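See structure below.
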């Protein structure tokens, strides 16, 4: 059998003995990712802002295996470095890093965007993943079978109502590719997951009415919105040995939405094979 061939697909998707870090773990997406990694056998450190720590500790206690909660402001280098030291002391060095934490930021035109809003969003959504990659990624060096999964967005490729958000997520994808090339020889893979329309507490503003909910659902070929669990499954796959030869890639999880622009430019009667919406 060729070297590297896997004979047990289920086994390669397990994460027994791995130590995982999930940022933004107090949110709906981060909580689902932490749950999925823990269920596959990883020991998970749930990271989020200090104000979330009481609830985060409760969440960690409900997960299978040994999981912990750590306060961390990913936009603050000192906080990230201190948290990395806490992780090593309490669980051991990091094997899996999921850069999930992020904010949506203000909507508005480029010319009207305040510099302070721009700086805040990039500090959290781009500088944060960079700082965490430095602090936790260096713990992975020499260990082998390590993985970084960054949460991107389809907004990195298709502009949305928040210029800073799109720019930051495009930067995250570039950071992913650069890390994959530079650290691949060190046994560290880096990939990203770009969610489409995912219904979470953070994105609830986009589904405030039935009309808004239907409008977005009708744009997705599979005719449903994504769930945090959809993203968590993708993250767990990329973190596992089942994805051992996948490096520097962006996995779009959007139900086919990005493939539809030309379809929606057709008359309604001609859309979706003449079936309309």
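In UniProt numbering, the protein residues as written are 1 to 277. Even glycine gets a Cβ: it sits at the ideal position worked out from N, Cα and C. Note that the coordinates shown come from a computational prediction; the quantities given were computed from them, not determined experimentally.
Asked, Found
"Pick from 19, 237, 203 that is closest to residue 105, judged by C-alpha positions", "203"
"One or two residues paired with residue 188 in a DSSP bridge", "146"
"Alpha-carbon to alpha-carbon, residue 94 and residue 173", "21 Å"
"Beta carbon of residue 320 nearer than 7 Å to that of residue 29", "It is not possible to answer for residue 320, since the shown part of the chain is limited to 1 through 277."
"Whole-angstrom C-beta distance between residue 236 and residue 36, which should lie under 8 Å", "5 Å"
"4-residue-minimum alpha helix (DSSP H) runs that sit fully inside the region 34-66, ordered along the chain", "53-62"
"Per-residue DSSP class, three states only, for residue 159", "coil"
"Start-to-end residues for the alpha helix (DSSP H) that takes in residue 87", "77-90"
"Residue from 161, 113, 140, 71 whose Cα sits closest to the Cα of residue 205", "161"
"Through-space distance from residue 44 to residue 66, alpha-carbon basis", "7 Å"
"6 Å CB neighbourhood of residue 150 in its chain, flanking five on each side removed", "99, 129, 172, 176, 192"
"When 20, 63, 181 are compared against residue 87, the one with the closest alpha-carbon", "20"
"Beta-carbon proximity check, residue 80 vs residue 135, cutoff 7 Å", "yes"
"For residue 154, the nearest candidate out of 32, 178, 147, 257 (CA to CA)", "257"
"contact_flag[the region 208-220, the region 109-124] where n(CB pairs < 8 Å) is 3 or more", "no"
"Which of helix, strand or coil DSSP assigns to residue 95", "coil"
"7 Å Cβ cutoff met for residue 234 and residue 251", "yes"
"Spatial neighbours of residue 63 in its chain, beta-carbon cut-off 7 Å, leaving aside the 5 residues before and after", "34, 35, 38, 44"
"Which of helix, strand or coil DSSP assigns to residue 181", "helix"
"With 16 other Cβ atoms within 10 Å as the buried cut-off, status of residue 166", "buried"
"Nearest to residue 142 (by Cα), restricted to the options 123, 184, 26", "184"
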